[in-house]
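Quick notes on the structure that follows.
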Amino acid sequence: MVGQKTDFTKWISSLPQPQPPTPPDYFFFYGTLMKGRSALSRSLAGKLRLVGMGTTPGKVVTIETPTLSYPGLVEVGHRLSKVSGQVMAPTRLFRDEDFKAINAWEDYDPASPTTSLYRLEMLPVALSLGGTVTAATYVYQGPMPARRPML
Numbered sequence: 006m007v008g009q010k011t012d013f014t015k016w017i018s019s020l021p022q023p024q025p026p027t028p029p030d031y032f033f034f035y036g037t038l039m040k041g042r043s044a045l046s047r048s049l050a051g052k053l054r055l056v057g058m059g060t061t062p063g064k065v066v067t068i069e070t071p072t073l074s075y076p077g078l079v080e081v082g083h084r085l086s087k088v089s090g091q092v093m094a095p096t097r098l099f100r101d102e103d104f105k106a107i108n109a110w111e112d113y114d115p116a117s118p119t120t121s122l123y124r125l126e127m128l129p130v131a132l133s134l135g136g137t138v139t140a141a142t143y144v145y146q147g148p149m150p151a152r153r154p155m156l
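Residue numbers for the sequence shown follow this note's numbering, beginning at 6 and rising by one.
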């Protein structure tokens, strides 16, 4: 029995271990994570650099709860509706802890993406100065107690 337990332990340790999600090359922020708009975005100064302004298909709605309101990008059935925001790129100072803090801010749990308030999607973003990048974007998937276009 002892030999079997050792073999099992060796077998388990030889299996590929889940890796934490790595930070993407680009983020697309359209609300409170835009540069300077929140305590978290201010704490990321120097860790993210502004690449430029851009747009991605979708619509931003205001999600209202009894205690707060916040923006959420939602998908629409056509590409005519666009969301404006900032494209940011991690600098060498950006750490996994910063990525975890952004995920937590957005109520995104990589271990449970279908039950998170937002999901993290790689979306095409057209840069205002030309070109397109694929950027990690938090897309709202939670309940919408009130839904109206954000001004």
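Each residue gets a CB set at the ideal place from its N, CA and C atoms; glycine is no exception.
Counting only runs of 4+ residues, the alpha helix (DSSP H) found wholly inside the segment 97-139 occupies 101-110, in chain order. C-alpha of R84 to C-alpha of L128: approximately 12 Å in a straight line.
Assigned with DSSP and collapsed to three states, L73 falls in coil, not helix or strand. Minimum Cα-Cα distance from G147 among the listed residues S46, A44, G41, T67 corresponds to T67. A direct Cα-to-Cα measurement between S43 and G82 gives close to 31 Å.
In the displayed model, L45 falls within a helix according to three-state DSSP. In this structure, V130 is the residue among S46, L45, V130, R47 with its C-alpha nearest to the C-alpha of G90. Your pair Y143 and Y113 checks out as a contact, with CB atoms roughly 6 Å apart and the cut at 8 Å.
Residue pairing for R54: DSSP places it in a beta bridge opposite A94.
Contact check for R54 against M93 passes: the beta carbons are separated by less than 8 Å.
Short of 6 Å from the beta carbon of F104, and not among the five residues preceding or following it, lie these beta carbons of its own chain, in chain order: P28.
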